[in-house]
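Numbering (our numbering), first residue to last: 1 to 593.
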């Protein structure tokens, strides 16, 4: 048994290029922000020099004390205010960049074939689009502005130290080799740890999702302890990596502190010798010492934020990995409404090595033809539906819409041409109105009422304002399917695919759902994966599948006339055709397209 095929992780160079491109997308704003930050940092670097001048002025008699004190206060105020403004501007640039990266990654994920995401595991994608996005956002909101400010402060302060006396600047550089060694060692050790930590979090998320979704199965098999032990193991792996990262950080900060001790000792000794033997003023030596002490905070911030940036970089690489997934975004889409002619040429697909789930399917469906697909569970019906919808890429063969391959078409063109309801139905959190407008933002209440039917809306506690999904009213399976059919009606595509769209219908709701399907499929190319053979009876054509192949193809009457798989299915179902009532044109109680 093979494990999940994880989504790709971008290289460090690719991640850096994407980040720089996103941050500098508005170059004028970026340059203006750097100018504001540099101005604030320069003003903040003036106080040590002014204090040195003040000491020398007092030593000479104190003629300029008032002016120097005013300048000192002004420098402190200007530095604080302008630096704050610059950091706010930088945070705005960064947040916009992260927002665009997040939206781009989400769009890239939605454009992927379903099979690719299923192969990676839901937890991997969820971890990237939630946990990794949150980690990057939290870090860049604070660490990146602090890093840029600290970098500018370090450059300006070192320049000020050199202007006082170059020998003092050289003395300060004694600490550099130790600090650079600490940084290099940290980067070499921390990167792999952070990447492994993020990957382990994805595995844990996958296990949690699988266990939650399969809770009933786990309880039925009395496998609670086994699943808890498995979750405990993956959680311990995450904790172990967190502890390993903490040890790497502790060693890094210890080495930084040692570098600071060496540097301040060198500056103090050099300053003492220059004052004693070379005529350097006490004020200048004091200013130099203050400048070096002032480097502690920005250098500590500069090197310390590397830890956070490394962690964010690991998350960002996973996010860019999703962003770089191949998509047909550059394909040219047709603006003409599709006719709805579908053709499959030698289509095959395997979810895993072994027996194919689809085996050399060749098929043509004419515009506005209604086709029902029937067969036993595992015959390949849903796989065929997903391949036709463009949600699953075939391993071989071609799917064509109006004589053009669907592979490589722009997602917007496919979205306007083919819509599908799968077996896994979902209710989006919010009001009924919000749920439907996700698929047609311009839909008016009148349009929504026409699609849903007034009677159905009146049956809800608050009509279109009824809150559903997490924390809202719970819809029955039949109502959930009805809502999904309403979305399909709003999509108004020339090709509709329904994968057992009424499979959960009971006797009370079956007619309503059947009428809804009838209204939606009418006038469109329709593919219905039929759970009940009454749906096949109403189709223009019936395809019978077994072992990934189409074993029968004909009308309901034609297939009943021969002793084959369809006739056997019909006899097993009781041989009764139950045609739903109320299929008259104008029925107000089924979603209309």
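C-beta atoms are modelled at their ideal positions from N, C-alpha and C, and glycine is treated no differently.
Because the structure is a prediction, the values reported are computed rather than measured.
| message | For residue 535 and residue 359, what's the separation of their Cα atoms in angstroms? | response | 25 Å
| For residue 65, three-class secondary structure by DSSP | helix
| task | For the alpha helix (DSSP H) holding residue 39, just list the boundary residues, first then last. | result | 27-60
| Nearest CA to the CA of residue 189: which residue from 164, 69, 311? | 311
| Can you tell which of 496, 91, 128, 108 has its C-alpha closest to the C-alpha of residue 146? | 91
| request: Just the C-alpha distance for residue 198 and residue 438, rounded to the nearest angstrom, thanks. | output: 32 Å
| request: Give me whichever residues DSSP pairs with residue 552 in a beta bridge. | output: 544
| said: Out of 554, 325, 55, which one is the CA nearest neighbour of residue 109? | reply: 325
| said: If distances are taken between C-alpha atoms only, which option among 8, 571, 47, 398 comes closest to residue 287? | reply: 47
| To the nearest whole angstrom, what separates the beta carbons of residue 124 and residue 6, a pair I think is in contact under 8 Å? | 6 Å
| query | Hey, quick one: how far does the alpha helix (DSSP H) through residue 434 stretch, first residue to last? | reply | 432-437
| task | Could you spell out where the alpha helix (DSSP H) holding residue 142 opens and where it closes? | result | 133-164
| request: Could you have a look at residue 405 and say whether DSSP puts it in helix, strand or coil? | output: strand
| field | Sub-9 Å separation of residue 532 and residue 496 beta-carbons | value | no
| query | Roughly how many angstroms separate the alpha carbons of residue 427 and residue 254, rounded to a whole number? | reply | 53 Å
| With residue 380 and residue 357 assumed to form a contact (beta carbons below 8 Å), what rounded beta-carbon distance in angstroms separates them? | 5 Å
| request: Assign residue 222 to one of two classes, buried (16 or more other C-beta atoms within 10 Å of its C-beta) or exposed (fewer than that). | output: exposed
| task | Could you tell me which residues DSSP pairs with residue 21 in its beta bridges? | result | Paired residue(s): none; residue 21 is not in a bridge.
| query | Exposed or buried, residue 558, counting other C-beta atoms within 10 Å across all chains shown (16 or more means buried)? | reply | exposed
| Counting pairs of Cβ atoms below 8 Å between the stretch 12-25 and the stretch 245-265, do you hit three or more? | no
| request: Answer with buried or exposed for residue 329, where buried requires no fewer than 16 other C-beta atoms within 10 angstroms of its C-beta. | output: With a pLDDT of 47 at residue 329, under the threshold of 50, the modelled position of that residue is not reliable, and the figure given next carries that caveat. Exposed, because fewer than 16 other Cβ atoms sit within 10 Å of the Cβ of residue 329.
| query | Three or more C-beta pairs closer than 8 Å, one from the stretch 416-424 and one from the stretch 443-463: is that the case here? | reply | no
| request: May I ask you to list the residues that DSSP assigns as paired with residue 343? | output: 364, 400
| message | Is the separation between the beta-carbon of residue 30 and that of residue 313 shorter than 9 Å? | response | no
| Which term fits residue 294, buried or exposed, when burial requires 16 or more other beta carbons within 10 angstroms of its beta carbon? | buried
| message | Taking 8 Å as the cut-off, does the stretch 66-75 touch the stretch 94-106 (at least 3 CB pairs, one atom from each stretch)? | response | no
| Helix, strand or coil at residue 270 [DSSP, three-state] | helix
| said: With the cut-off set at 9 Å, would you say residue 393 and residue 499 are in Cβ contact? | reply: no
| task | Can you tell me the Cβ-Cβ gap for residue 342 and residue 388, rounded? I've got them flagged as a contact below 8 Å. | result | 6 Å
| Boundaries of the alpha helix (DSSP H) in which residue 596 is found, first to last residue | There is no way to answer for residue 596, as the model of the chain reaches only from 1 to 593.
| field | Candidates 477, 196, 205, 279: closest to residue 245 by CA position | value | 196
| field | Anticipated Cβ contact below 8 Å, residue 79 with residue 44, distance rounded | value | 3 Å
| query | Hey, residue 542 and residue 565 are a contact pair by Cβ (cut 8 Å); roughly how many whole angstroms apart? | reply | The Cβ separation is near 11 Å, so there is no contact.
| task | Compute the distance between the beta-carbons of residue 193 and residue 231, then report whether it is under 9 Å. | result | no
| field | Under 9 Å between C-beta atoms of residue 486 and residue 448 | value | yes
| said: With a threshold of 7 Å on Cβ separation, who are the neighbours of residue 84 within its own chain once the five nearest residues in sequence on each side are excluded? | reply: none
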